Amino acid sequence: MFRKTFLPPIADLLAFEAAARHTSISRAAEELHLTQSAVSRQIRQLEEQLSTALFHRVRQRVVLTDAGRVYAADTPAVLQPLSDSTRKSMACATT
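Heads up: the sequence shown is residues 2 to 96, going by our numbering.
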């Protein structure tokens, strides 16, 4: 059984994953079709839930902290199977 308190919102994880991959809040926002402030807010919420900084903010870019590197390494492995499962479920619903 999963404890909800340890599961962050998917939107926050998507924002984090995109920002980590691009090392840019702006690029993450473009990819996700969100504003920079929305992506920043989602990442801030995630950091608050985890009680740790995931990024160092350096001028116009972000640099992963040690905790951020660990989280960034695991996040795609969680999001991809969920995305695949959702796609399969939707395909079943249309047949």
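Note that the Cβ used here is the ideal one computed from N, Cα and C, for glycine as well. It should be emphasised that the depicted structure is a prediction, and the values quoted were computed from it without experimental measurement.
In this structure, Q50 and P9 form a Cβ contact; the two beta carbons are roughly 5 Å apart against a cut-off of 8 Å. Residue environment for F7: exposed (fewer than 16 other C-beta atoms within 10 angstroms of its C-beta). Collapsing the DSSP output to three states places L65 in a strand. Taking a 10 Å sphere around the C-beta of V40, we find 16 or more other C-beta atoms and assign the residue as buried.
Here V63 is buried: its Cβ has 16 or more other Cβ atoms, across all protein chains shown, within 10 Å.
For R45, the enclosing alpha helix (DSSP H) has its first and last residue at 37–51. Under DSSP, F56 takes part in a beta bridge, and its partners are L65.
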